[in-house]
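Residue numbers (the numbering used here), protein chains in the order written: chain A, 40 to 289; chain B, 40 to 289; chain C, 40 to 289; chain D, 40 to 289. For glycine and all other residues, C-beta sits at the position ideal for the given N, C-alpha and C. I have placed the structure first, in the form of structure tokens, so that the comments after it can refer back to it.
Protein chains: 4
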Amino acid sequence: MVCAVDITEKPKLNNPVLIEGLPGIGFVANIAALHLIKELKAVKFAQIVSSSFQDFAVTTGDGTARSPINELYYVRRQEGCRDLIIWYGNTQALTTFGQYELCGKVLDIVQELGCNFVVSIGGFKKDEAAAVPGLYSTATDLETMKTALDLGTKVMVGNVFGIAGLSVGLAKLHCMKGFSLLVDTPGMNPDVNAARFALNTIGKFLNLQVDQTQLEETSNEIKRMLETFGLVKTISEEKKKEEQQLRWFI
Amino acid sequence: MVCAVDITEKPKLNNPVLIEGLPGIGFVANIAALHLIKELKAVKFAQIVSSSFQDFAVTTGDGTARSPINELYYVRRQEGCRDLIIWYGNTQALTTFGQYELCGKVLDIVQELGCNFVVSIGGFKKDEAAAVPGLYSTATDLETMKTALDLGTKVMVGNVFGIAGLSVGLAKLHCMKGFSLLVDTPGMNPDVNAARFALNTIGKFLNLQVDQTQLEETSNEIKRMLETFGLVKTISEEKKKEEQQLRWFI
Amino acid sequence: MVCAVDITEKPKLNNPVLIEGLPGIGFVANIAALHLIKELKAVKFAQIVSSSFQDFAVTTGDGTARSPINELYYVRRQEGCRDLIIWYGNTQALTTFGQYELCGKVLDIVQELGCNFVVSIGGFKKDEAAAVPGLYSTATDLETMKTALDLGTKVMVGNVFGIAGLSVGLAKLHCMKGFSLLVDTPGMNPDVNAARFALNTIGKFLNLQVDQTQLEETSNEIKRMLETFGLVKTISEEKKKEEQQLRWFI
Amino acid sequence: MVCAVDITEKPKLNNPVLIEGLPGIGFVANIAALHLIKELKAVKFAQIVSSSFQDFAVTTGDGTARSPINELYYVRRQEGCRDLIIWYGNTQALTTFGQYELCGKVLDIVQELGCNFVVSIGGFKKDEAAAVPGLYSTATDLETMKTALDLGTKVMVGNVFGIAGLSVGLAKLHCMKGFSLLVDTPGMNPDVNAARFALNTIGKFLNLQVDQTQLEETSNEIKRMLETFGLVKTISEEKKKEEQQLRWFI
Numbered sequence: 040m041v042c043a044v045d046i047t048e049k050p051k052l053n054n055p056v057l058i059e060g061l062p063g064i065g066f067v068a069n070i071a072a073l074h075l076i077k078e079l080k081a082v083k084f085a086q087i088v089s090s091s092f093q094d095f096a097v098t099t100g101d102g103t104a105r106s107p108i109n110e111l112y113y114v115r116r117q118e119g120c121r122d123l124i125i126w127y128g129n130t131q132a133l134t135t136f137g138q139y140e141l142c143g144k145v146l147d148i149v150q151e152l153g154c155n156f157v158v159s160i161g162g163f164k165k166d167e168a169a170a171v172p173g174l175y176s177t178a179t180d181l182e183t184m185k186t187a188l189d190l191g192t193k194v195m196v197g198n199v200f201g202i203a204g205l206s207v208g209l210a211k212l213h214c215m216k217g218f219s220l221l222v223d224t225p226g227m228n229p230d231v232n233a234a235r236f237a238l239n240t241i242g243k244f245l246n247l248q249v250d251q252t253q254l255e256e257t258s259n260e261i262k263r264m265l266e267t268f269g270l271v272k273t274i275s276e277e278k279k280k281e282e283q284q285l286r287w288f289i
Numbered sequence: 040m041v042c043a044v045d046i047t048e049k050p051k052l053n054n055p056v057l058i059e060g061l062p063g064i065g066f067v068a069n070i071a072a073l074h075l076i077k078e079l080k081a082v083k084f085a086q087i088v089s090s091s092f093q094d095f096a097v098t099t100g101d102g103t104a105r106s107p108i109n110e111l112y113y114v115r116r117q118e119g120c121r122d123l124i125i126w127y128g129n130t131q132a133l134t135t136f137g138q139y140e141l142c143g144k145v146l147d148i149v150q151e152l153g154c155n156f157v158v159s160i161g162g163f164k165k166d167e168a169a170a171v172p173g174l175y176s177t178a179t180d181l182e183t184m185k186t187a188l189d190l191g192t193k194v195m196v197g198n199v200f201g202i203a204g205l206s207v208g209l210a211k212l213h214c215m216k217g218f219s220l221l222v223d224t225p226g227m228n229p230d231v232n233a234a235r236f237a238l239n240t241i242g243k244f245l246n247l248q249v250d251q252t253q254l255e256e257t258s259n260e261i262k263r264m265l266e267t268f269g270l271v272k273t274i275s276e277e278k279k280k281e282e283q284q285l286r287w288f289i
Numbered sequence: 040m041v042c043a044v045d046i047t048e049k050p051k052l053n054n055p056v057l058i059e060g061l062p063g064i065g066f067v068a069n070i071a072a073l074h075l076i077k078e079l080k081a082v083k084f085a086q087i088v089s090s091s092f093q094d095f096a097v098t099t100g101d102g103t104a105r106s107p108i109n110e111l112y113y114v115r116r117q118e119g120c121r122d123l124i125i126w127y128g129n130t131q132a133l134t135t136f137g138q139y140e141l142c143g144k145v146l147d148i149v150q151e152l153g154c155n156f157v158v159s160i161g162g163f164k165k166d167e168a169a170a171v172p173g174l175y176s177t178a179t180d181l182e183t184m185k186t187a188l189d190l191g192t193k194v195m196v197g198n199v200f201g202i203a204g205l206s207v208g209l210a211k212l213h214c215m216k217g218f219s220l221l222v223d224t225p226g227m228n229p230d231v232n233a234a235r236f237a238l239n240t241i242g243k244f245l246n247l248q249v250d251q252t253q254l255e256e257t258s259n260e261i262k263r264m265l266e267t268f269g270l271v272k273t274i275s276e277e278k279k280k281e282e283q284q285l286r287w288f289i
Numbered sequence: 040m041v042c043a044v045d046i047t048e049k050p051k052l053n054n055p056v057l058i059e060g061l062p063g064i065g066f067v068a069n070i071a072a073l074h075l076i077k078e079l080k081a082v083k084f085a086q087i088v089s090s091s092f093q094d095f096a097v098t099t100g101d102g103t104a105r106s107p108i109n110e111l112y113y114v115r116r117q118e119g120c121r122d123l124i125i126w127y128g129n130t131q132a133l134t135t136f137g138q139y140e141l142c143g144k145v146l147d148i149v150q151e152l153g154c155n156f157v158v159s160i161g162g163f164k165k166d167e168a169a170a171v172p173g174l175y176s177t178a179t180d181l182e183t184m185k186t187a188l189d190l191g192t193k194v195m196v197g198n199v200f201g202i203a204g205l206s207v208g209l210a211k212l213h214c215m216k217g218f219s220l221l222v223d224t225p226g227m228n229p230d231v232n233a234a235r236f237a238l239n240t241i242g243k244f245l246n247l248q249v250d251q252t253q254l255e256e257t258s259n260e261i262k263r264m265l266e267t268f269g270l271v272k273t274i275s276e277e278k279k280k281e282e283q284q285l286r287w288f289i
């Protein structure tokens, strides 16, 4: 199967922007994406299972099983605003091969829905937390890069690992545009402050005001989910390994 | 090939339940499944070979070679009772990718035969043996979870690795229902007592009385098979490794 | 591509027997197969390249490059004798997945040519060399096992790793018959004596007399080839690792 | 996808020669290929992304993202001269499987364009730099080998790892001809001197004079690109590992 996609609806969308929000360093993307889904009452229209996900089920408090999965949601907005597609999930793929397949599949799906712009979110590992975290970006092209810099980001220096980087790189090869938004974070735990800055920056870009009263609660929800997945612990343990080996944690 | 399936018969079955019984911790599922096959004179109707199985042959006492293989059996029961499909084998797949392919293939096959319910069996590693082992479950949905709890199980907490977890997780994504039944076991050797409790619980669920006089003999048969496969030894050696690395032993 | 097969001829053969002779412990199979090819003037009719072979080229004395490859040869014999298909090569596949794909592909090809019997050859690692090495076998079925025992072999106890085991195991699943012939060998270097005993046993089985005057020369040819491939050295180094990790060296 | 190929033009070419120039030891091939592309104003006509490339994006000074990618360029030359196809990229594939797929795909593409000759370039690791580096070659056949020797190369002894070796080995299996040109290099940094000798040798073979005034600048460009990719550093670190593990660095 490699990637098994189940599309339940093909929504008509207005020039939609894909927002990538899979788990990674500081879970910045994951918190931001889940918060957008909840606050904007996003509608799930596709789910993706990959043979490159971990082969287990995790249990929730009520006993029901949860699988590694990726999901796509859409948000219709008022006229004159670009609609949103939100890429959310509880895992990235475990292998390089799986990451390419997963990312290529998602770009194929959203491109068919008229999407030609990707914003990926990631954490940028920093040893110490800062009240005002640095924001960095890399883009598919110079014009989009200018847009990203105008949002208050600095030029990212270095490699952007995992889906956050791959989605922008592959977007370029798909003749799409987009940028990766990276936020400083110590990275070991879900970082609600970094997510707040990510949401603010995306809000500025998309002219989108999202109430953040419940953001802390969203972060805790991510934390509980991740604990059952063993991801939070995993990251602490991974800390000892070389940064290059943290393959999919941005 | 990935998974090569050889289906020799497509039996007409009455609302069948799939019972997963591959080797894992304590070989609880494996003993239970083989015992059901023998006592209920189950009929083999499919065999599956995967490129993700180990590439060797093992020898039996009489010199004939045995390959890593998975098999599907069916059992027709008296009117008013759900028929059974039993998923038996001497191995799980060696890689995450192979596990997904194998499990997805089996669910496809049984779903085509009208099956919409999966019971997976597994051992839950505990340091010491107990005369009355704890029983745990996780389910695809709350209603099924209630059914599982009513059978005397407690809510499973944590990850369910390997096919035991994957089959319930993928069942949910296949729009099937089911639960995973996990039994406390020290896990190093075929655990006939844990298998007995698994069989009793499944018997209660399916209204199925199975004579257990020969269960010890079945367990010994599994043990001999596993010794030739080197699996029993492997598990003892694996014990030293981290639990997460025991990838397919539940 | 996984396996790219180039078939240059589909020979009509009389009830042919497949003789597997890939490199492995003691290179017993490899020497025996090459010797049969040379002495019986076998004709190459297929070559197979797999993405699971090592990605390099090795050089020969005259500067020409040699790739990892598998080849199939046929030998037509006098009336009343079964023809031969010889499976020769300078490598096995590097991964379990590749081994299954390779072996399945070869069995598909030969089965289409009417072959229903496989003899695989392997070395059985023993710490010390013996003038008269032990011979062991495992077979697809009891009748074939009896045939193998009548040739002077003993029942093999344990796992038969790599293509030697896989080819007999998969043969059974292909509804073919066959046996694996294993010869005691210290295993670090091409073992001409073990190859001699393998050839004698196969000769007895197939009523085939092959001149062995040039066997030492064949063994040296294998040795030179293997040295350029770095295989001989590799095996010595591998010696330090656990036997289970010697994945494809039987 | 394994390899996703995007062909933007199918140029008509005169008996073209493929020149392989992916990153490897000393980046000899990479510098030479990029220099040919720039000096001969080669035209890009295909790009290839593989699921076996690293899953990240790297950033450039202006903030734009760069993905692991391979590209094919063509050069039309004056009448009577063979045209060129240049295989350039910033990475090889990360796995053996990916290398075979990538190389097979490129050979398929160029063969369809009438190409039947491959020249691969590589560095041959030597502990010390030499003003006049040794040149070695291995070829698909004796006639081509003679051509390569006549260019002033010596017979290569040993394995040619990675695409440099694989492309010549697979060329032979594609019924194409060609040779691998290997140049002594200490190998840790882009080696402009080794690239110069490679270009001179290829120039002699193809009757092609290329201005080398800007070669140092090309080498620095490769160096900057590689530093952002982390490849230069990687190689230094890899140095400590066994040479066999330097899988794709020739």
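C-beta contact flag for Ser159/C and Val194/C at 7 Å: The answer is no: Cβ separation not under 7 Å.
Residue environment, Cys214/B, which counts as buried when at least 16 other CB atoms sit within 10 Å: exposed
Proximity to Asn232/D [Cα-Cα], best of Leu245/D, Lys216/D, Asn259/D: Asn259/D
Candidates Ile261/D, Arg263/D, Thr257/D, Gln248/D: closest to Cys120/D by CA position: Taking only the C-alpha atoms, the option nearest Cys120/D is Gln248/D.
Beta carbon of Val88/B nearer than 7 Å to that of Ile108/B: Contact flag set, yes.
Within chain B, partners of Val97/A - CB distance below 7 Å: Asn198
Where Asn198/C falls, given that 16 or more other Cβ within 10 Å makes a residue buried: buried
Contact list for the region 117-135 of chain C against chain D, Cβ threshold 9 Å: Leu133, Thr134
Inter-residue CB distance, Gly65/B and Trp126/B (contact presumed, cutoff 8 Å): With 8 Å as the limit, Gly65/B and Trp126/B do not qualify as a contact, their Cβ atoms being about 18 Å apart.
Neighbourhood of Gln284/B by C-beta distance below 7 Å, restricted to the same chain and skipping five residues each side: The predicted model places Gln284/B with a pLDDT of 29, which falls under 50 and marks its position as unreliable; any figure quoted below should be read in that light. Same-chain partners within the cutoff: there are none.
Whole alpha helix (DSSP H) elements within the region 141-222 of chain C, 4-residue minimum: 181-189, 201-212
Any 3 or more C-beta pairs closer than 8 Å across the region 152-166 of chain C and the region 47-55 of chain C: yes
Cα-Cα separation, Arg116/D to Thr99/D: 33 Å
Other residues of its chain near Ile46/D: CB distance less than 6 Å, five sequence neighbours each side excluded: Ala85
Nearest neighbour of Thr103/B, chosen from Thr177/C, Glu78/C, Leu133/C [CA to CA]: Thr177/C
Under 7 Å by beta carbon: chain C residues contacting Lys211/D: Ala104, Ser106
Selection from Ala203/C, Thr224/C, Leu220/C that minimises the alpha carbon distance to Ala169/C: Measuring C-alpha to C-alpha distances from Ala169/C to each of Ala203/C, Thr224/C, Leu220/C identifies Thr224/C as the nearest.
Where Ser89/D falls: helix, strand or coil (DSSP): strand
Three-way DSSP call (helix, strand, coil) for Lys243/A in this model: It is helical.
For Gly109/A: DSSP bridge partner residues: For the record, residue 109/A in the displayed sequence is Asn; it is not Gly. In DSSP, Asn109/A forms a bridge with Ile87/A, Gly128/A.
Of the residues Val41/B, Ser90/B, Asn69/B, Lys49/B, the one placed nearest Lys262/B, counting alpha carbons only: Nearest of Val41/B, Ser90/B, Asn69/B, Lys49/B to Lys262/B, Cα basis: Asn69/B.
Bridge partner(s) assigned by DSSP for Leu79/C: Answer is none; Leu79/C lacks a bridge partner.
Inter-residue spacing [alpha-carbon to alpha-carbon] between Val67/D and Thr130/C: 30 Å
Partners in chain B for Ser176/C, counting only beta-carbon separations shorter than 7 Å: Gly102
CA nearest to the CA of Val196/A, picked from Val222/A, Leu123/A, Thr186/A: Minimum Cα distance to Val196/A is reached at Val222/A.
C-alpha gap between Ala203/A and Thr179/A, whole angstroms: 13 Å
Leu57/A - partner residues in DSSP beta bridges: Ile124/A, Val157/A
Span of the beta strand (DSSP E), counted from its first residue to its last, around Asp45/A: 42-46
Nearest-angstrom beta carbon gap, Gly128/C and Glu110/C [assumed within contact, 8 Å]: 6 Å
Cβ neighbour criterion (16 or more within 10 Å) applied to Gln93/A: Gln93/A should be labelled buried.
Short CB-CB distance (under 7 Å) between Gly226/D and chain C: Gly226/D does not count as touching chain C.
Short Cβ contact (7 Å threshold) for Thr186/D with Tyr175/D: no
Residues of its chain near Thr273/C, where Cβ-Cβ distance is below 6 Å and the 5 sequence neighbours each way are ignored: Bear in mind that the predicted position of Thr273/C carries a pLDDT of just 41, short of 50, making it unreliable; the figure below should be weighed with that in mind. None.
As assigned by DSSP and simplified to three states, the class of Thr135/B: helix
Between the CA atoms of Leu133/A and Glu48/D - distance to the nearest angstrom: 36 Å
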